[in-house]
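Under this note's numbering, the letters of the sequence shown match residues 64 to 424, in that order.
Backbone N, C-alpha and C fix where the C-beta goes; we use that ideal spot for every residue, glycine too.
These numbers were taken from a predicted model, which means no experiment stands behind them.
Report on the structure given below.
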Amino acid sequence: MVWAITHHDTLQELLADPRVGKNPQLWTTFREGRLPRGWPLINFVTVPGMITADGEDHRRLRGLVTQAFTPRRVADLRPTVEARTVALLDRIAGLDGAFDLREHFAYPLPMQVIGELLGLPPKQQDELHELSDTLVSSSATPEAAVAAQQSLFALLASVVAAKRAEPGDDLTTDLIAARADDDRLGEPELVGTLLLMLVAGHETTLNLITNAVRALLAHPEQLRLVLDGTVPWSAVVEETLRYDSPVGQFPLRYAAEDLPVGEVVIRRGEALLASYAAAGRDGAHYPDADRFDLTRQPNRHLSFGHGPHFCLGSGLARLEAETALRFLFERFPGLALADGPEPEPIASFVSNSVRTLRVTV
């Protein structure tokens, strides 16, 4: 049994409830070995690290990671983000006719930034993206899911080994060196942390930029508000996070004891699915929830999570998205959706966006 939590207030409450955990041993289906081999979401359930830890174990891991991934480090990335953005826009200026904004802009920017941050070899970044796409896909075959998992772990383990041999000025080196007293991240925890940061550090921002551009071009009256300075670019990012969350659903959490929720009881050992996209459109919490409204106040959302597992990378995602959108529309104020059929949604249970976004400048 898996319960989808779609209402904003209920989700917010359960994300912070100490009776709801992330350790898969709490899940009866997992503990009894009833998950099929190659289940596409297995890595979200079993990867070692913060994403599957609770309580003191989670605080330990998060503390070690935050030693390396500090707000100052994110702030220092601004010149890199801006330079990468300008270079990509220069390339776009040389394209003829309609092009896929997702492929040529929304994807390479966060991939290049997280790749540089983690010290990933540039020649492997496209391969890492393709493998992470398979991990979040709902249409991958069991064989493809297992192969992607094995390849990703092998590639990231090789990155850790290389940084141990030759430390660099990057986050992976700092994660290796992070310690609290005599404690430090073990090898599986290091690889699991890199996997989490790789996927969360580019897949979600890729979707956020794509979804924001799509929403702005579909709502020209809202675009005018930001172009004339009525609202800041940060308002575009926050409203997109609510209106079209880059993460549709994020698996999984588990009831450590029976939980009364409204008129039902989630039994101990059952799983919960955080449905962020649905929570952002909850009409009981947001007036006129289906309207894309950059003037919405207040505009608190759950797209970065809530409680002890709140996303560590939220500051970087906001920096990248605000920079990308501002520079894009300043450079190409005539940006428009290209003629053609409606874009197809990504075939993913986790990732929420479209496969392509054809535009003209």
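Item, Value
"Just to confirm before moving on: does the CB-CB distance between residue 268 and residue 173 stay below 7 Å?", "yes"
"How far does the beta strand (DSSP E) with residue 421 in it reach, from first residue to last?", "421–423"
"Grouping DSSP H, G and I as helix and E and B as strand, with all else coil, what is residue 67?", "strand"
"Assign residue 399 to one of three DSSP states: helix, strand, or coil.", "strand"
"Using a Cβ-Cβ cutoff of less than 8 Å, which residues in the same chain neighbour residue 222 once the five nearest sequence positions on both sides are dropped?", "181, 182, 183, 184, 235, 257"
"Report the rounded CA-to-CA distance for residue 255 versus residue 240, giving the unit in angstroms.", "16 Å"
"How would you label residue 332, buried or exposed, when you count the other beta carbons within 10 angstroms and need 16 or more for buried?", "buried"
"Using 7 Å as the threshold, is the C-beta distance between residue 141 and residue 273 below it?", "no"
"Closer than 6 Å by C-beta to residue 70: which residues in its own chain qualify, once you throw out the five before and the five after it? Chain order, please.", "345"
"Nearest to residue 278 by CA position, among 422, 293, 86, 131, is which residue?", "422"
"Taking residue 238 and residue 131 to be in contact with their CB atoms under 8 Å, please state how far apart those CB atoms are, rounded to whole angstroms.", "5 Å"
"Would you kindly work out how many angstroms separate the C-alpha atoms of residue 353 and residue 306, rounded to a whole number?", "7 Å"
"For residue 242, list the residues DSSP reports as bridge partners.", "247"
"Assuming residue 321 and residue 328 form a contact by the criterion Cβ under 8 Å, report the distance between their Cβ atoms to the nearest whole angstrom.", "6 Å"
"The ligand MG heavy atoms versus the CB of residue 419: any closer than 6 Å?", "With respect to the ligand MG, the structure offers nothing, as it holds no ligand at all."
"Looking at the structure shown, is residue 322 part of a helix, part of a strand, or coil, going by DSSP?", "strand"
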